[in-house]
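First up is the structure itself, then whatever we jot down about it.
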Amino acid sequence: MFINLSLHLRALLLGFLSMMAFVAESRALNSVLNLTNQTIDTYTQTVTNNAVGGAFSNNPNVWFRRSISTDPVGSSGSGVYRDLYRVQLSGQTSSTVSEDGFNRNTSNAGDEFDESIPNGFNPYLRVSELVTDSSGGYYVFALDVNENSGSSNELISLDTVRVYTSSSNITDGTTINTVPELSGLGTLRYDMNAGSTSDDWNYVFLDYSLGAGSGKMDMYLFIPTSYFAAAASTDYVYLYSAFGRYPHLGSGRTAGLDTSDGGEQWSIPANAGNVQVLVPEPTTAALLLLGGTCCFVRRKRPQTLTSIS
Ligand SMILES: [Ca+2]
Ligand SMILES: [Ca+2]
Ligand SMILES: [Ca+2]
Ligand SMILES: [Ca+2]
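The sequence shown: position 176 = 160 (my numbering), numbered continuously.
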């Protein structure tokens, strides 16, 4: 009886390890954090559908969350948010379908970036101007997307985010025209796709219609303040982002995740004290720290997050 039980446990353990190996294998393909209410794209190998928020397994300390009712509401210029820049695809060929850019005051003619600085925006951001969430442990960045509605057009993929700090203002003479040249932005503090190649990127799916309405943001990004500990308070902060690439990776992807309509814009909450990062319950966090298996990342976290909203 005891031996049978032991064998049974061993079989269970082997089964568990096999499952872990399978999940680890599948995770090498696209990982998607789907913050919409729609079940999207069965093509994707590893997908967290219909989550309020979550983190990617390559960096479980950085959180992405869609809007919840307690988030501050304020239209541009209201003083609730400080707007950094807007990125909008315009006039590009199908070979460069992703819109991307970063906060700087001037674009170079002919570069591959798509940002703009509308009136009232302020692209100059220093570390001392970052604001923390209600816990004090994260700097908060807010994203407002603008898409057409209907036929899944309201969907959009956030393809990557990188945050750099630099003691110099790159808009003063530094030429950055291509993605590889982004290294000229200074010290990389965060990269949503660190170490990944083009086919195993992480993606966040967003739904414009969930955050529709004046001054409502669509997503908040929470980056630990410790990531900036080595930066000077006077250093400039650059946030690079890209959108809309996902549906062009191949057949089977949801076309509506492409970009449309107005620009996607990043802002800093003027006072993020009432912006809450949603973190897993202590028991779940302990499991994550001990095990680090993507099963817990993929399943436990969204359930916990959803229950908080
Ligand atoms: Ca571009
Ligand atoms: Ca929006
Ligand atoms: Ca879209
Ligand atoms: Ca758009």
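Each residue gets a CB set at the ideal place from its N, CA and C atoms; glycine is no exception.
(message) Under 6 Å: does the beta carbon of Ser152 sit that close to some heavy atom of ligand 3?
(response) no
(message) What does the alpha-carbon distance come out to for the pair Val281 and Leu169?
(response) Any answer about Val281 is weak, because its pLDDT of 35 lies below 50 and its placement is not dependable; what the coordinates show is given next. Val281 and Leu169: Cα-Cα distance of roughly 31 Å.
(request) Please list the segments of the beta strand (DSSP E) lying wholly inside the region 192 to 238, counting only runs of 3 or more residues, in order along the chain. (result) 203 to 208 and 220 to 227
(message) Using the three-state DSSP reduction, which class does Phe125 fall into: helix, strand or coil?
(response) strand
(message) Please output, in chain order, the residues near ligand 4 using a CB cut-off of less than 7 Å to any non-hydrogen atom of the ligand.
(response) Gln72, Val129, Asn130, Glu131, Ile140, Thr243, Ser244, Asp245, Gly246, Gly247 and Glu248
(message) Please identify the residue among Pro102, Phe105, Phe125 and Asn103 whose C-alpha is closest to the C-alpha of Val111.
(response) Phe125
(request) Under 8 Å by Cβ, that's how I've got Val16 and Tyr187 pegged, so tell me the actual separation to the nearest angstrom. (result) 5 Å
(request) Indicate whether the contact test is met: 3 or more Cβ pairs, each with one atom in the region 209 to 217 and one in the region 225 to 238, closer than 8 Å. (result) no
(message) Would Thr243 and Leu73 qualify as a contact pair, given that the criterion is a beta-carbon distance under 7 Å?
(response) yes
(message) Three or more C-beta pairs under 8 Å: does that hold for the region 254 to 263 against the region 58 to 71?
(response) yes
(request) Helix, strand or coil for Ala270, going by three-state DSSP, please let me know. (result) Residue placement at Ala270 is flagged as unreliable, the pLDDT there being 38, under the threshold of 50; the coordinate-derived value follows with that caveat. Three-state DSSP puts Ala270 in a helix.
(message) For Glu83, list the residues DSSP reports as bridge partners.
(response) Phe227
(message) Less than 7 Å between C-beta atoms, sequence neighbours within five positions excluded: which residues of the same chain meet that for Gly61?
(response) Gly104
(request) Could you check what DSSP says for Pro107 in three-state terms: helix, strand or coil? (result) coil
(request) Decide if Glu113 is buried, meaning its Cβ has at least 16 other Cβ atoms within 10 Å, or exposed. (result) exposed
(request) Apply the 10 Å Cβ neighbour rule to Asn21 and answer buried if 16 or more other Cβ atoms are within range, or exposed otherwise. (result) exposed
(message) Shorter than 6 Å, the distance from the beta carbon of Gly195 to the closest heavy atom of ligand 2, or not?
(response) yes
(message) What would DSSP say about Pro253, mapped onto helix, strand or coil?
(response) strand
(message) Using only the alpha-carbon positions, how far apart do Phe97 and Tyr224 sit?
(response) 10 Å
(message) Run the Cβ filter for me: residues under 5 Å from any heavy atom of ligand 1, listed in the order they occur in the chain.
(response) Asp84, Glu96 and Asp98
(request) For Thr155, collect the residues of the same chain with a Cβ closer than 7 Å to its Cβ; drop the 5 residues on either side in sequence, then sort them by chain order. (result) Arg88, Asn89 and Thr90
(request) Between the Cα of Ser82 and those of Thr144, Gly236 and Thr116, spot the shortest distance and give me the residue it belongs to. (result) Thr144
(message) Give me the DSSP bridge partner(s) of Val57.
(response) DSSP, once it has assigned bridges, lists no residue as partnering Val57.
(request) Output the distance between the C-alpha atoms of Ser235 and Ser151, rounded to the nearest integer angstrom. (result) 44 Å
(request) Helix, strand or coil for Pro102, going by three-state DSSP, please let me know. (result) coil
(request) Could you please give the first and the last residue of the uninterrupted beta strand (DSSP E) stretch that includes Ser150? (result) Leu139 to Ser150
(request) Examine ligand 3 and report whether any of its heavy atoms sits within less than 6 Å of the Cβ of Asn21. (result) no
(request) Quick one: residues in its chain with C-beta nearer than 7 Å to the C-beta of Ser193, no 5 flanking neighbours on either side, listed in chain order? (result) Ser133 and Glu138
(message) Phe189 and Asn42 - do their beta-carbons sit closer together than 7 Å?
(response) no
(request) Look at the alpha carbon of Thr209 and the alpha carbon of Tyr220, and state the distance between them as a whole number of angstroms. (result) 15 Å
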